[in-house]
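> The numbering of the sequence shown is our numbering, which starts it at 1 and goes up by one. For each residue, glycine too, the CB sits at the ideal point set by N, CA and C.
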Amino acid sequence: MELSELYQERSFGNIADFGPKISFEIFPPKGNDISSLYEELRLLKRFEPVLISLTYGANGGANRFSIEDMKSIRDLEFNLMPHFTCVSSLKNEVEEHITAVENLGIENILALRGDIPDYIKREELDFEYANELVEFIKEKTTLSIGVAGYPQTHPESKNAHEDIKNLKRKIDAGASAIFTQLFFDNDKYYHYVESVRKAGIEVPVIPGIMPIRSLSQVEKMISMTKVTFPKKLREKLEKYPDDAKKIGAEFCINQCQDLIEFGVPGLHYFILNHSDQISEILENIL
Ligand code: FAD
1 MELSELYQER SFGNIADFGP KISFEIFPPK GNDISSLYEE LRLLKRFEPV LISLTYGANG
61 GANRFSIEDM KSIRDLEFNL MPHFTCVSSL KNEVEEHITA VENLGIENIL ALRGDIPDYI
121 KREELDFEYA NELVEFIKEK TTLSIGVAGY PQTHPESKNA HEDIKNLKRK IDAGASAIFT
181 QLFFDNDKYY HYVESVRKAG IEVPVIPGIM PIRSLSQVEK MISMTKVTFP KKLREKLEKY
241 PDDAKKIGAE FCINQCQDLI EFGVPGLHYF ILNHSDQISE ILENIL
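1) How many angstroms separate the CA atom of A111 from the CA atom of I145?
2) Rounded to whole angstroms, what's the CA-CA distance from R122 to K91? Just pull it up for me.
3) With H, G and I counted as helix, E and B as strand and the rest as coil, what does DSSP make of L51?
4) Excluding the 5 residues preceding and the 5 following A249 in the sequence, name in chain order all residues of the same chain whose CB lies nearer than 6 Å to its CB.
5) According to the neighbour-count rule (16 or more other Cβ atoms, all chains shown, within 10 Å of its Cβ), is L51 buried or exposed?
6) How would you call I212, buried or exposed, if buried means at least 16 neighbouring beta carbons within 10 angstroms?
7) Give me whichever residues DSSP pairs with M81 in a beta bridge.
8) Should H161 go down as buried or exposed, given a rule of 16 or more other Cβ atoms within 10 Å for buried?
9) What ranges does the alpha helix (DSSP H) occupy inside the region 232-262, keeping only unbroken runs of at least 4 residues that lie completely in it?
10) For Q181, does the three-state DSSP call read helix, strand or coil?
11) Tell me the DSSP secondary structure of R197 in three-state form.
12) Restricting to Cα atoms, I'd like to know which of V101, G57, S89 and N63 is closest to S72.
13) Straight-line CA distance for A244 to Q217?
14) Identify whether S23 lies in helix, strand or coil by the three-state DSSP scheme.
15) Let me confirm a value: A177 is counted as buried when at least 16 other C-beta atoms fall within 10 Å, else exposed. Which label applies?
16) How far does the beta strand (DSSP E) with N166 in it reach, from first residue to last?
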């Protein structure tokens, strides 16, 4: 099902139709561990995720799901949203990739610029910003397109106003949903949604949530973003490192309950390829 349809309305019925739509983001495991990832996904099926999103070379790495992997995950009967970053690709390579995705019967894609490595000269890029990629995908395929949004602004942006102006370029180019960067302070998301609406953007803004598993894992994530981390939570994790997963789950349950009350269209979880902690969280909030 396409993004625009998926997040169109909140109805009531089974888990997937009740309240916010649940989605999970996964990354390609190192080595031959893909079968254990499939097992984790099978365990999450009972939460009826509306989407499984698949990262593409995230965190500066070159790790990607192949088209064959996408086929196998799709065959587990999940609706997929592979990510795609355009920054180091030529137009013909992008066209080849998005056509292959579309030919698998996948309907959605998350269109990203990606982080620009130091060695790349901007003037040599076929695509400099994600809005150019959105326009290209729209022209070449019928894929439904999601884009990234930053409640605490993208690290390269001068200010929030500029960042939202650039977000609008992606929506005007044809994107139909925004998936946000993780955040730990819901007010940042609420304020962001308000600014996005003021800018005339009407598409769903799906919050990105990362359940904490350890302090070092959070530190790695926030060092790459402008995301702030609550002092009290940090202190608790420092004091009780062995209970990090439990502390993370409790924080996440509270965070999600508040988001649900606000009326979010969906909850997009960065699950780091694990089913245990997110299962506990969802059992508490659904
Ligand atoms: P853009 O939308 O192009 O924005 C990049 C910067 O340029 C921003 O500061 C923006 O304000 C500015 N800008 C945008 N358009 C213009 C314009 N036309 N003119 C001037 N300035 C402009 N990275 C990966 O490598 N793989 C992944 O799988 C991945 N998944 C992600 C999933 C989510 C939900 C999120 C939030 C991020 C993800 N990222 C991923 C990270 C992302 O690639 C980086 O944050 C990257 O630096 C920016 O990508 P973007 O698509 O947001 O870029």
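According to the structure shown:
1) Across the structure, A111 and I145 are spaced so that their CA atoms are roughly 7 Å apart.
2) So the alpha carbons of these two residues sit roughly 15 Å apart.
3) If DSSP states are grouped into helix, strand and coil, L51 belongs with the strands.
4) Cβ within range, chain order: Q277, E280 and I281.
5) Under this definition L51 is a buried residue.
6) Counting Cβ neighbours within 10 Å, I212 comes out buried, since at least 16 surround it.
7) Partner(s): S53.
8) Exposed is the call here.
9) As far as the region 232-262 is concerned, its whole alpha helix (DSSP H) runs of at least 4 residues are 244-262.
10) In the structure shown, Q181 adopts extended strand secondary structure according to DSSP, grouped into three states.
11) Three-state DSSP puts R197 in a helix.
12) It is V101 whose Cα lies nearest to the Cα of S72.
13) Their Cα atoms are separated by approximately 10 Å.
14) If DSSP states are grouped into helix, strand and coil, S23 belongs with the strands.
15) The residue is buried, with at least 16 neighbouring Cβ atoms inside 10 Å.
16) Looking at the DSSP string, N166 is not in any beta strand (DSSP E); the run it does join, the alpha helix (DSSP H), is A160 to D172.
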